[in-house]
Structures are given as structure tokens and as C-alpha cells.
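Start counting the sequence shown at 146; every next residue gets the next number (my numbering). One structure is given below, encoded as C-alpha cells.
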Amino acid sequence: MLEQEGEALLYFPVYNYTAMNLDAVHEMLTHPLALPGLSDGGAHVGTICDASFTTFLMTHWARDRDHGRLSLERVIQMQAHDTARFIGLTDRGVLEPGRRADLNVIDFDNLALLPPKMLKDLPAGGQRLMQHARGYVATLVQGEIIARNGELTGARPGRLVRVGRSAR
146 MLEQEGEALL YFPVYNYTAM NLDAVHEMLT HPLALPGLSD GGAHVGTICD
196 ASFTTFLMTH WARDRDHGRL SLERVIQMQA HDTARFIGLT DRGVLEPGRR
246 ADLNVIDFDN LALLPPKMLK DLPAGGQRLM QHARGYVATL VQGEIIARNG
296 ELTGARPGRL VRVGRSAR
């Protein structure tokens, strides 16, 4: 706590960590019907940070874990292809001609989560937990760069997709 001037957070896992390891999570992730994801729709932004989940999935499960690693290819497939298909977005999730060019260019060896910080920038003085990452070289939406080295470019080529409507 002192190294971060009192800004550090203590985390005490309750679920899926009863054996003091993530082996139960490994069993869930490797189930053939597993679809990784984490979101509470923003209901608990002051206590959890869902946005760091995808980076943790790549760094911990595909690179840093000392046993039971998943291949990076499988992790990306689960996050991109499998998730898109599950929610009915058939125009993305793979790199093929004619598909949307939504992708991240990643420096995998240097991909890392930074320490989480509490931001007080919501209406009525609300706060939210934010955790940035490094190692994302570029993020593209429909082939247009929207972020470069973690900084937004201002480009906004995407649009909101509503359930039950065509994504195109």
C-alpha cells in the first residue's frame, strides 16, 4: 500500500478460489461449452473492473500460468469468434475477406495489466474502478485505427448493435 502512496487496493477472492488456486476456473474454461466473459452491466463499477478480464485471460491463461495453460489461439478464438457467434454477430470474430476488420494488434510479450485505480468521474460524485493495460499496439474497428498504444485516436467507425437487429 505504501509503495503506491495509499492508492493500492487489496483483493480477497471469494468465488472459484477455494483451493487457493484457479484450477476450478481452468476446468470451466476448458469445458467445450464454455464462453468466457464477465460483465455485470456496470452495476458494480466501484468494486470490480470487468474491462481487464480479456487482458487477464491472455496474460494469465495463455502466457504466465505455470500449469494448465491455454493456447493463445484458443483464447483469442473464445473471445472473438465464439462470443460473436453466440450473440449472433456472424460478420466478425474471424480474419476473412468480407468480414469486419475489428481487431487488436498486440505486443504479447509486453502485454500487462497496470495497477487498478479508483476514478471519481461519474455523475453525482460516483466512482469507478479502472484498470489500464499496456501492450496493445493498435485497435481497429472496421479497419480504422481507433486506438494506438493505448491512446484513443478520436475515430468512431462503430455503432451500437441492438439485440434482434442485424449487425450490418
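Quick reminder that beta carbons are idealized off the backbone N, C-alpha and C, glycines included. Only a predicted model underlies this, so the values are computations on that prediction, with no experimental measurement involved.
For residue i, which of helix, strand or coil comes out of DSSP?
i: ALA225; result: helix
i: ALA128; result: What the structure shows of the chain is the stretch from 146 to 313, and residue 128 is not part of that stretch, so it cannot be assessed.
i: VAL286; result: strand
i: LEU297; result: strand
i: LEU154; result: coil
i: ALA246; result: coil
i: LEU267; result: coil
i: ARG273; result: strand
i: LEU147; result: helix
Taking all protein chains shown into account, do 16 or more other C-beta atoms lie within 10 angstroms of the C-beta of residue i, making it buried, or fewer, making it exposed?
i: LEU267; result: exposed
i: GLN272; result: exposed
i: GLN224; result: buried
i: ASP87; result: Residue 87 lies beyond the residue range present for the chain, which begins at 146 and ends at 313; the question has no answer from this structure.
i: LEU297; result: exposed
i: SER216; result: exposed
i: GLY238; result: buried
Can the beta-carbon of residue i be found less than 9 Å from the beta-carbon of residue j?
i: TYR281; j: ILE251; result: yes
i: THR200; j: ALA269; result: no
i: LEU274; j: THR192; result: yes
i: LEU154; j: PRO242; result: no
i: TRP206; j: VAL190; result: no
i: LEU285; j: LEU248; result: yes
i: LEU196; j: GLN287; result: First, the residue type needs correcting, since residue 196 is Ala and not Leu in the sequence shown. Contact flag unset, no.
Measuring alpha carbon to alpha carbon, tell me which of the options ends up nearest residue i.
i: ARG244; options: PHE253, ALA229 and ASN255; result: ALA229
i: ARG208; options: THR298, ALA257 and LEU174; result: ALA257
i: HIS212; options: TYR156, ASN166 and ALA300; result: ASN166
i: ALA246; options: MET263, ILE290, ARG214 and GLN276; result: ILE290
i: LEU264; options: HIS176, ALA169, ALA164 and CYS194; result: CYS194
i: GLN222; options: GLY151, ALA196, GLY187 and ALA179; result: ALA179
(request) Entirely within the segment 156–216 and at least 4 residues each: give me those alpha helix (DSSP H) ranges in chain order. (result) Counting whole runs of 4 or more residues, the segment 156–216 contains the alpha helix (DSSP H) stretches 168–174 and 198–201.
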